Amino acid sequence: MIAGLSPVPIWELRDLESPRVWTVDGYLNDLPSLTPVRGTIQAEHRGNVLAVHGSLQTIVTLICDRCLNQFNQQLISTTEELIWLGEEFNDHEQLQASDGSEQMTGLLERLDPQGPFDPQQWAFEHLNLQLPAVNRCGNECPGPPGLSTSASEESLDCGSDPRWDVLKQLQMSDPEQPDPEQP
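Here you go:
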């Protein structure tokens, strides 16, 4: 947990004359990162919505889905979000009554106006959204370990990862595969 990023009641944000700003500098429990998460989060109560702006960055270590090697990935999140405060809304007039309503297209998030806003959870969610769906170490990725271009090299490779054995068998049985012995 990052010091100073504890949840704050939304009514407390409503009573402020200016937006509340948190400085982020530390490690999030649920996001194992190589470097501390650094940046700022700002929240402003605007009637029926909570306007949140954050600029965060860190570096995480991931495992490549192709070669299984570790690599470092920088995560940067610069996000502005309007969060609806209250019950589900169906009324367009209710939406128009809030400050900044011209920006409110596709509101999906909702918070209880009597509940808290958790800046640490917000930071985790937005950095987590920056994680790649497919982890690739880069354009120079060597591919799956233990796979080589010739069958004779494969038979000599006894130290490879056994999880790739089925792929090796498919590669060897593929009639479309050019024979490496022929010029």
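Numbering-wise, our numbering comes out as the position in the sequence shown, counting from 1, plus 983.
Ideal Cβ placement from N, Cα and C applies to all residues, glycine included.
Bear in mind the structure is a predicted one, so any value in this text is a computation, not a measurement.
Inset, instruction - Would you mind listing the beta strand (DSSP E) stretches within the segment 985–1040 that are 3+ residues and don't spill past its ends, in chain order? - result: 1003–1009, 1020–1029
Inset, instruction - Find the nearest neighbour of Gly1030 within the set Asn1111, Thr1061, Leu1011, Trp994, judged by alpha-carbon distance. - result: Position 47 of the sequence shown, counted from the first residue, corresponds to residue 1030. With distances taken between Cα atoms, Gly1030 lies closest to Trp994.
Inset, instruction - Can you say whether Val1007 is buried or exposed, counting buried as having 16 or more other CB atoms within 10 angstroms of its CB? - result: Residue numbering aside, residue 1007 sits at position 24 when the sequence shown is read from its first letter. Counting Cβ neighbours within 10 Å, Val1007 comes out buried, since at least 16 surround it.
Legend entry - Environment of Gly1098 [buried if 16+ CB atoms lie within 10 Å]: Indexing the sequence shown from 1 puts residue 1098 at position 115. The residue in question, Gly1098, is exposed, as its Cβ has fewer than 16 Cβ neighbours within 10 Å.
Legend entry - Neighbourhood of Thr1018 by C-beta distance below 7 angstroms, restricted to the same chain and skipping five residues each side: By one-based count along the sequence shown, residue 1018 stands at place 35. For Thr1018, where only same-chain residues beyond five positions count, the Cβ hits under 7 angstroms are Thr1041, Ile1042.
Inset, instruction - Would you mind stating whether Gly1069 and Pro1096 have Cβ atoms separated by less than 9 angstroms? - result: As a working mapping, residue 1069 is identified with position 86 in the sequence shown. As a working mapping, residue 1096 is identified with position 113 in the sequence shown. Contact: yes.
Inset, instruction - Can you give me the Cβ contacts of Arg1213 inside the same chain, cut-off strictly under 8 angstroms, excluding the 5 residues immediately before and after it? - result: Look at the range of the chain in this structure, 984 to 1166, and you will see that residue 1213 is not part of it.
Inset, instruction - Express the C-alpha separation of Val991 and Arg997 in angstroms, rounding to a whole number. - result: Residue mapping note: residue 997 aligns to position 14 of the sequence shown, counting from 1. Residue mapping note: residue 991 aligns to position 8 of the sequence shown, counting from 1. Each residue's Cα considered, the two are about 11 angstroms apart.
Inset, instruction - Measure how close the beta-carbons of Gln1025 and Ile1059 come, nearest whole angstrom, since I'm counting them as under 8 angstroms. - result: In the sequence shown, the residue the question calls residue 1025 occupies position 42. In the sequence shown, the residue the question calls residue 1059 occupies position 76. Rounded, the Cβ-Cβ distance is 17 angstroms, inconsistent with contact.
Legend entry - Residue interval of the beta strand (DSSP E) (run including Asn1055): Start at 1 with the first residue of the sequence shown, and residue 1055 comes out as number 72. Asn1055 -> beta strand (DSSP E) spans 1053–1068.
Inset, instruction - Specify, as a first and last residue, the run of the alpha helix (DSSP H) that Trp1105 falls within. - result: Here residue 1105 is taken as the residue at index 122 of the sequence shown, counted from 1. Where Trp1105 is concerned, the enclosing alpha helix (DSSP H) stretches over 1102–1111.
Legend entry - Identity of the residues DSSP links to Val1043 by a beta bridge: On the sequence shown, residue 1043 is found 60 positions in, with the first residue counted as 1. Per DSSP, Gln1056.
Legend entry - Which of helix, strand or coil DSSP assigns to Leu1153: The sequence position of residue 1153 within the sequence shown is 170, counting from 1. Helix.
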